[in-house]
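Enquirer:
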Amino acid sequence: MKKLLFPALSAPLKFYAVVPDAEWVERMVDAGADTVQLRNKNLHGSALYSEIERAVAACHNRPIQLFINDYWEEAIEAGAYGVHLGQEDIDKADLHVLANAGLRLGISTHSISELDRALSVNPSYVASGAIFPTTTKNMPTQPQGLEKLREYVQRAAPTPVVAIGGIDLNNATAVLETGAASLAVVRAITEAKDPEAVVRSFQALWKSTKI
4 MKKLLFPALS
14 APLKFYAVVP
24 DAEWVERMVD
34 AGADTVQLRN
44 KNLHGSALYS
54 EIERAVAACH
64 NRPIQLFIND
74 YWEEAIEAGA
84 YGVHLGQEDI
94 DKADLHVLAN
104 AGLRLGISTH
114 SISELDRALS
124 VNPSYVASGA
134 IFPTTTKNMP
144 TQPQGLEKLR
154 EYVQRAAPTP
164 VVAIGGIDLN
174 NATAVLETGA
184 ASLAVVRAIT
194 EAKDPEAVVR
204 SFQALWKSTK
214 I
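Just so you know, the sequence shown maps onto residues 4 to 214 in this note's numbering.
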């Protein structure tokens, strides 16, 4: 069987906003986020596809790397930049079709064994979490913490590692110091009074921490 190999990222992922709908994608594009993931759990069928199309259109000709969570077939059809899959989705998705379509692939991991499994398909990046306690979703494992994240970064190299789970402006600098390639946030954006200002604050932290 032909070896899987997904395209490299066009640019560093850096600040990564995970948002629930296309309107939020548009807001993040206007705010200047580096990377955005559309993670919609409520829509289905044509409504879902329209949402993905709208998100893709929002990022067209903009320096934004857009990933669609889970819905890889719709992402291919809509011309998305990339897809993000969970561990349980690796077996369900046709990764060869996805790779041949030229989409980037990110995979969630929560342990060393899951990290190794993800790396075996040569994804564009891996996401590790939850780093800190989070209420965004029910996690199958305890929070990983910064030391485990540092271990994951070293083990995954040169594949970029996205840190996710409970990350906010109070702990972002410590997360970046582990060598993580990107910070992914959900509630720090969607529950903020001024999400656009939060994007700017995260990016300012990045500039002061990263070389």
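Yeah, the Cβ is synthetic: ideal placement off N, Cα and C, and Gly gets one too. Every value quoted in this text rests on a predicted model; they were computed, and no experiment measured them.
Using 10 angstroms around the beta-carbon of residue 131, count the other beta-carbons present and answer buried if the total reaches 16, otherwise exposed.
Expert: So residue 131 ends up on the buried side.
Enquirer: Use the C-beta contact count for residue 157: other C-beta atoms within 10 angstroms, 16 or more gives buried, fewer gives exposed.
Expert: Flag for residue 157 reads exposed.
Enquirer: For the ligand MG, is there any heavy atom lying closer than 8 Å to the beta carbon of residue 156?
Expert: With respect to small molecules bound, the structure shown includes none, and the ligand MG cannot be examined in it.
Enquirer: Please report the distance separating the alpha-carbon of residue 152 from that of residue 45.
Expert: Going by the C-alpha atoms only, they are around 31 Å apart.
Enquirer: Let me confirm a value: residue 47 is counted as buried when at least 16 other C-beta atoms fall within 10 Å, else exposed. Which label applies?
Expert: Exposed.
Enquirer: Using a threshold of 9 Å, state whether the C-beta atoms of residue 12 and residue 127 are closer than that.
Expert: Yes; because the gap between Cβ atoms is below 9 Å, this pair is in contact.
Enquirer: Please tell me whether residue 185 and residue 16 are closer than 9 Å, where the distance is taken between their beta carbons.
Expert: Contact flag set, yes.
Enquirer: DSSP state of residue 87, grouped into three classes?
Expert: The answer is strand: DSSP assigns residue 87 an E or B state.
Enquirer: Please confirm whether residue 201 and residue 191 have their CB atoms less than 9 Å apart.
Expert: For residue 201 and residue 191, yes; Cβs fall inside 9 Å.
Enquirer: From the DSSP output, in three-state form, read off residue 124 for me.
Expert: Residue 124: coil per DSSP, three-state reduction.
Enquirer: Please determine, among 78, 207, 117 and 85, the residue with the shortest C-alpha to C-alpha distance to residue 94.
Expert: Taking only the C-alpha atoms, the option nearest residue 94 is 117.
Enquirer: Answer with buried or exposed for residue 19, where buried requires no fewer than 16 other C-beta atoms within 10 angstroms of its C-beta.
Expert: So residue 19 ends up on the buried side.
Enquirer: Quick one: residues in its chain with C-beta nearer than 6 Å to the C-beta of residue 87, no 5 flanking neighbours on either side, listed in chain order?
Expert: These residues qualify, in order along the chain: 40, 70, 72 and 109.
Enquirer: Identify every residue that forms a DSSP beta bridge with residue 188.
Expert: Residue 188 is bridged to 20.
Enquirer: Which runs of the beta strand (DSSP E) fall wholly inside the stretch 49-115 and span at least 3 residues, in chain order?
Expert: Qualifying beta strand (DSSP E) stretches, in chain order: 68-72, 85-88 and 107-112.
Enquirer: Decide if residue 99 is buried, meaning its Cβ has at least 16 other Cβ atoms within 10 Å, or exposed.
Expert: That one is exposed.
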